[in-house]
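**Student:** In the numbering used here, the protein residues as written are 662 to 758.
Think of the CB as a built atom: it goes at the ideal place given N, C-alpha and C, for glycine as much as any other residue.
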């Protein structure tokens, strides 16, 4: 998959609030816009760094309505960072400096 110049690792505050309020929300992850909805919120362990250190963080888990794509987003209105994605291929944050 080719990533375009529109690639971002954050969602907008508008998208974040819409997901947090359990509204179907359009997100384009590269294969066209799909409606996503929150499926879980809570604290999750993230494996970060080369040493695999586990860090607990508040996460919003959202999934496309067709069930083919899942995003894990830091549950922080001021920093709604996408920490992992499963789009048929997986990517996960391992380091933030």
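(1) In the structure shown, what three-state DSSP assignment does residue 673 receive?
(2) I want to know whether the stretch 735-755 touches the stretch 682-700 - three or more CB-CB distances under 8 Å.
(3) Can you list, in chain order, the residues of its chain with a C-beta nearer than 6 Å to that of residue 753? Leave out the 5 residues immediately preceding and following it.
(4) Comparing alpha-carbon positions, which option in 737, 719 and 716 lies nearest residue 677?
(5) Since residue 675 and residue 698 should fall inside the 8 Å C-beta cutoff, what is the C-beta to C-beta distance between them, to a whole number of angstroms?
(6) So the beta strand (DSSP E) residue 715 belongs to, where does it begin and stop?
(7) According to DSSP, is residue 808 helix, strand or coil?
(8) Terminal residues of the continuous beta strand (DSSP E) containing residue 732?
**Tutor:** According to the structure data:
(1) Locating residue 673 in the chain shown gives position 12, where the first residue counts as 1. DSSP places residue 673 in coil when its eight states are reduced to three.
(2) yes
(3) Within the chain shown, numbered from 1, the residue matching residue 753 stands at position 92. Only 745 meet the Cβ criterion.
(4) To locate residue 677, count along the chain shown from 1; it is residue 16. Out of 737, 719 and 716, 737 has the C-alpha closest to the C-alpha of residue 677.
(5) Translated into positions along the chain shown, residue 675 becomes position 14. Translated into positions along the chain shown, residue 698 becomes position 37. With 8 Å as the limit, residue 675 and residue 698 do not qualify as a contact, their Cβ atoms being about 15 Å apart.
(6) Mapped onto the chain shown, residue 715 falls at position 54. In this chain, the beta strand (DSSP E) harbouring residue 715 covers 714-725.
(7) Any property of residue 808 remains undetermined from this structure, which presents the chain solely from 662 to 758.
(8) Residue 732 sits at position 71 when you count from the first residue of the chain shown. Residue 732 -> beta strand (DSSP E) spans 731-735.
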